[in-house]
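**Q**
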Amino acid sequence: MISLPIEVQLRILKYLNFNELISVKQTNSYFNNLISKYEGELTRRKFHLISIRSIKELAYSDEIIDLRSTNFEFTLTDQLKEKWQAAIDKSTRLFSHSGKKLFICMRKKGDEDASYYILKLPHYPKNLKQMIIVRCWLERLFKCDFDCADFYNTVFNQEMINILFDNDKTISLQFNIKNVSLRAGKKRIENILKFYLNHLSNSEYQILNIDYLPDRYINFGVVDTTDHHINILFNIIINKGNKILEITVEGDKIAKLHDLIIEYIITSKDCSDMAPKIILLCTDFPNFKLNERAENVEIDDSDYHHTGWGPVSAAN
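Using the working numbering, the first residue of the sequence shown is number 989, and each one after it goes up by one.
#1: Tell me whether Tyr-1105 sits in a helix, a strand or coil according to DSSP, three-state version.
#2: By a C-beta neighbour count over all protein chains shown, 10 Å radius and 16 as the cutoff for buried, is Asn-1062 buried or exposed?
#3: Could you check which residue in Glu-1051, Arg-1128, Cys-1124 and Gly-1173 has the C-alpha nearest to that of Thr-1142?
#4: Under 8 Å between the Cβ atoms of Asn-1167 and Asp-1133?
#5: In this structure, does DSSP put Tyr-1184 in helix, strand or coil?
#6: Do Ile-1235 and Ala-1263 come within 8 Å of each other at the CB atom, strictly closer than that value?
#7: Can you tell me the Cα-Cα spacing of Tyr-1184 and Arg-999, whole angstroms?
#8: Going by C-alpha distance, which of Ile-1149, Ser-991 and Leu-1233 is nearest Leu-1082?
#9: Inspect the beta-carbon positions of Tyr-1105 and Glu-1051 and report whether they are closer than 8 Å.
#10: Measure how close the beta-carbons of Leu-1196 and Ile-1250 come, nearest whole angstrom, since I'm counting them as under 8 Å.
#11: Are the beta-carbon atoms of Gly-1229 and Asp-1261 separated by less than 8 Å?
#12: How many angstroms separate the CA atom of Leu-1001 from the CA atom of Ser-1024?
#13: Counting C-beta neighbours from all protein chains within 10 Å, is the total for Ile-1070 16 or more, i.e. buried, or is it exposed?
#14: By DSSP's criteria, Asn-1164 is part of a beta bridge. Which residues make up the other side?
#15: Let me know if Pro-1113 comes out buried or exposed under the rule of 16 or more other beta-carbons within 10 Å of its beta-carbon.
#16: How would you call Val-1237, buried or exposed, if buried means at least 16 neighbouring beta carbons within 10 angstroms?
#17: Could you tell me whether the Cβ atoms of Cys-1093 and Ser-1160 are closer together than 8 Å?
#18: Would Lys-1089 and Ile-1043 be called neighbours here (beta carbons separated by less than 8 Å)?
#19: Alpha carbon to alpha carbon, how far is Leu-1022 from Leu-1068?
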């Protein structure tokens, strides 16, 4: 097979599933390098769900992945070693939340009701070996496909991701997730929004749910939504329409977001980059007045004021 043109080799490899690719990759250095180089074009390992959970949320039946079962080949340069050691000395954490007992939880596709696979990575890596383990597992996660993600108050620490990958242009630092639910309290909302923009926003045909209500099951979570947070959300809505199929925002003070969206639709000549379907769920929408130009609007006058519209059209 090695004597065949690269194009033919890749065509053959595309017929293999993820586990078969791993087996071929371990055959020799040639196939290891070839599959690593074109991994983005080959079969990805598929999961139903990824989330970050505390030890209290786990069940005894959940299966813990043995980190010792995998050998990672990684060349650590002197420059990178120095940066990593500085991060270790500073106790840079893996997750955005400082809680110590946090775990990465995954469910396989087609096995949605089964127990979790638990990836127990060092939250505060204490040596270079642990840094290598964290980096290589994150790289694996970047190369998987997930149907959905549920991040409640905690995501990965962007500082740690940047330190581990150090501007490595050969690896996309984007998680491939179709349906993203983000929920956060007031102190963590900005970090989680930025994490979305930097590491979650490139997936095609994505559905994004954001919950601003504290201690609720649905989507993001902030008690007092600041103008700064609203502006970040607004920019996601008007600029990520080529990636997002639908965005839902739930909160108690998002009337300003509604007004910004309406104003943008009225005044903009081109809404092609805007999310095609937007749903706002709000407990308090004072003096709500629907713009006469709004199309395909649904209002549910129940416990929540629920406003949704789409598709949007620009001003004439």
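Backbone N, C-alpha and C fix where the C-beta goes; we use that ideal spot for every residue, glycine too. Predicted model only: the values in this text are computed from it and were never measured.
**A** With the structure as the only source:
#1: The residue labelled residue 1105 in the question sits at position 117 within the sequence shown. Of the three classes helix, strand and coil, the one that applies to Tyr-1105 here is strand, per DSSP.
#2: Within the sequence shown, numbered from 1, the residue matching residue 1062 stands at position 74. The question names Asn, but residue 1062 is Phe in the sequence shown. Label assigned to Phe-1062: exposed.
#3: As a first step, residue 1142 is located in the sequence shown; it is residue number 154 there, counting from the start. Cα-wise, what sits closest to Thr-1142 is Gly-1173.
#4: Mapped onto the sequence shown, residue 1167 falls at position 179. Mapped onto the sequence shown, residue 1133 falls at position 145. Against a cut-off of 8 Å, the Cβ pair of Asp-1133 and Asn-1167 comes out as no contact.
#5: Against the sequence shown, residue 1184 aligns to sequence position 196. Of the three classes helix, strand and coil, the one that applies to Tyr-1184 here is helix, per DSSP.
#6: The sequence position of residue 1263 within the sequence shown is 275, counting from 1. The sequence position of residue 1235 within the sequence shown is 247, counting from 1. The answer is yes: Cβ separation under 8 Å.
#7: Here residue 1184 refers to the residue found at position 196 of the sequence shown. Here residue 999 refers to the residue found at position 11 of the sequence shown. Their Cα atoms are separated by approximately 34 Å.
#8: Within the sequence shown, residue 1082 is the residue found at index 94, counting from 1. Minimum Cα distance to Leu-1082 is reached at Ile-1149.
#9: Here residue 1105 refers to the residue found at position 117 of the sequence shown. Here residue 1051 refers to the residue found at position 63 of the sequence shown. Contact annotation: Tyr-1105 and Glu-1051 have beta-carbon atoms nearer than 8 Å.
#10: Within the sequence shown, numbered from 1, the residue matching residue 1196 stands at position 208. Within the sequence shown, numbered from 1, the residue matching residue 1250 stands at position 262. Not a contact, Cβ separation roughly 20 Å.
#11: Reading the sequence shown from its first residue, position 241 is the one you call residue 1229. Reading the sequence shown from its first residue, position 273 is the one you call residue 1261. Against a cut-off of 8 Å, the Cβ pair of Asp-1261 and Gly-1229 comes out as a contact.
#12: If you number the sequence shown from 1, residue 1001 lands on position 13. If you number the sequence shown from 1, residue 1024 lands on position 36. For Leu-1001 and Ser-1024, the distance between alpha carbons rounds to 12 Å.
#13: The residue you call residue 1070 lines up with position 82 of the sequence shown. The question names Ile, yet the displayed sequence has Glu at residue 1070. In summary, Glu-1070 is exposed, with fewer than 16 beta-carbon neighbours lying within 10 Å of its beta-carbon over all protein chains present.
#14: Here residue 1164 refers to the residue found at position 176 of the sequence shown. Asp-1133.
#15: Taking the first residue of the sequence shown as 1, we reach residue 1113 at position 125. The residue in question, Pro-1113, is buried, as its Cβ has 16 or more Cβ neighbours within 10 Å.
#16: As a working note, residue 1237 is residue 249 in the sequence shown. Answer is buried; the Cβ neighbour count reaches 16.
#17: Along the sequence shown, one-based indexing puts residue 1093 at 105. Along the sequence shown, one-based indexing puts residue 1160 at 172. No; because the gap between Cβ atoms is not below 8 Å, this pair is not in contact.
#18: For the purposes of this step, residue 1089 is taken as the residue at position 101 of the sequence shown. For the purposes of this step, residue 1043 is taken as the residue at position 55 of the sequence shown. Yes. Within cutoff.
#19: To locate residue 1022, count along the sequence shown from 1; it is residue 34. To locate residue 1068, count along the sequence shown from 1; it is residue 80. Leu-1022 and Leu-1068: Cα-Cα distance of roughly 25 Å.
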